[in-house]
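Enquirer:
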Amino acid sequence: MFVALDESGHRVPISDTQPGQNYFCALCGEKLILKKKEKNRAAHFAHPRGSDCTDWGDMSEWHLDWQAQFPVHTREVVLEKDGERHRADVCIQEYKLVIEFQHSHISQEDFERRCLFYTGCGYQLVWVFDAAGKLNEPDEFHELTWKKVNYTFSNFANINRTCYPGITIFLETPLDLCDDKRVLIAVKEMNQKFITPHYTCQHLLRENFLREYGCITDNTILSIREIFDKTKKLQNIARQEQQKKLDEQARREANQAFSAILNSKRYSHRRRRF
Ligand SMILES: [Zn+2]
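Residue numbers for the sequence shown, in the numbering used here: 144 to 417.
1. Is it true that the stretch 188 to 196 meets the stretch 204 to 220, where meeting means three or more beta-carbon pairs spaced less than 8 Å apart?
2. In the DSSP assignment, what residue or residues form a beta bridge with Glu150?
3. If you draw a straight line from the C-alpha of Glu255 to the C-alpha of Gln212, how long is it?
4. Going by the C-beta, is Leu170 closer than 7 Å to any heavy atom of ligand 1?
5. Can we count His190 as close to ligand 1, meaning its CB is less than 7 Å from some heavy atom?
6. So is the beta-carbon of Asp198 under 7 Å away from any non-hydrogen atom of ligand 1?
7. Can you tell me where the alpha helix (DSSP H) holding Phe352 begins and where it ends?
8. So, is Ser250 buried or exposed, given that buried needs 16 or more other C-beta atoms within 10 angstroms?
9. Please work out which residues of its chain come closer than 8 Å, Cβ to Cβ, to Asn118, disregarding the five sequence neighbours upstream and downstream, and give them in chain order.
10. Kindly list the residues whose CB is nearer than 7 Å to the CB of Ala189, restricted to its own chain and excluding five residues on each side of it in sequence; keep chain order.
11. DSSP three-state label for Ala420, please.
12. Helix, strand or coil: how does DSSP classify Leu318 here?
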């Protein structure tokens with residue numbers, strides 16, 4: 144966890160902890176211990192060994208980095224329905240939206256349980272998966288494929304809009320192997336082998352994602368929705384231009400055929416006179 148409750152019940156992010164203070168789990172109320180940063184794990188709150196709490200989760204730097212972009216009151220929010228409780232990585236009440244960040248492997252059961260829970264609570268659910276190092280370079284047909292079968296989703300059946308309504312999935316991956324710049328792939332469909340992304344007219348960057356959910360107010364940065372709208376507009380323009388070309392060609396061919404008929408009639412006319 145990166146957010147815990149202090150003795151007065153105030154939410155405290157891991158970056159703001161004070162020595163000598165006690166911190167508690169928002170899900171089970173248990174007193175937590177502070178873990179220092181080590182290797183790929185960021186500093187975080189942890190339950191003592193042997194705890195029954197189900198709240199463990201992903202403590203990677205990647206996860207913290209994403210989560211820290213959102214206001215503290217939206218981070219690690221506990222939601223409850225019919226006695227079941229989950230801690231959403233980010234919950235934005237204004238948009239009725241939950242965002243889950245996933246760096247490590249997740250089982251299909253766990254994925255589906257969380258999908259069902261959050262959508263059952265009436266929230267839209269957005270998943271952002273860290274796909275760095277997990278995808279092959281696109282092949283000559285620009286097809287995206289998983290590198291190894293045991294990675295996230297590779298053991299999943301098909302994922303598409305029909306199976307998971309109300310759920311949006313993004314994969315975050317470096318633009319190419321020698322580039323630190325990361326892009327988000329908006330997933331249309333995926334299965335054990337292939338990933339079919341939504342086509343967009345420009346790269347989806349973290350800043351576009353943050354603009355979408357109100358963390359960036361700069362109007363010069365497009366939100367994800369605006370990029371999709373822009374893509375649709377450009378596709379319509381391209382389609383209209385293509386149609387115009389086809390119409391033009393059809394007209395030309397019709398004219399040619401018509402003149403050919405006229406010419407042949409003139410010819411036969413002439414022939415009859417002789
Ligand atoms: Zn707990």
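Quick reminder that beta carbons are idealized off the backbone N, C-alpha and C, glycines included.
Computed from a predicted structure; not experimentally measured.
Expert: Considering the structure as presented:
1. no
2. Here residue 150 is taken as the residue at index 7 of the sequence shown, counted from 1. Glu150 pairs with nothing; no bridge assigned.
3. Your numbering for residue 255 matches position 112 in the sequence shown. Your numbering for residue 212 matches position 69 in the sequence shown. Whole-angstrom Cα-Cα distance: 26 Å.
4. On the sequence shown, residue 170 is found 27 positions in, with the first residue counted as 1. Yes - ligand 1 has a heavy atom lying nearer than 7 Å to the Cβ of Leu170.
5. Indexing the sequence shown from 1 puts residue 190 at position 47. Yes, ligand 1 has a heavy atom inside 7 Å of this Cβ.
6. The sequence position of residue 198 within the sequence shown is 55, counting from 1. Checking the Cβ of Asp198 against ligand 1 gives yes.
7. Locating residue 352 in the sequence shown gives position 209, counting from the first residue. Residues Arg349 to Glu355.
8. One-based indexing of the sequence shown puts residue 250 at position 107. When all chains shown are included, Ser250 counts as exposed.
9. This structure leaves residue 118 out entirely; the chain is present only between 144 and 417.
10. Locating residue 189 in the sequence shown gives position 46, counting from the first residue. Counting only Cβ-Cβ distances below 7 Å, and skipping sequence neighbours, we find Leu175, Ile176 and Lys178.
11. Within the shown structure, residues of the chain are numbered from 144 to 417, placing residue 420 beyond reach of any answer.
12. Here residue 318 is taken as the residue at index 175 of the sequence shown, counted from 1. Reduced to three states, the DSSP call for Leu318 is coil.
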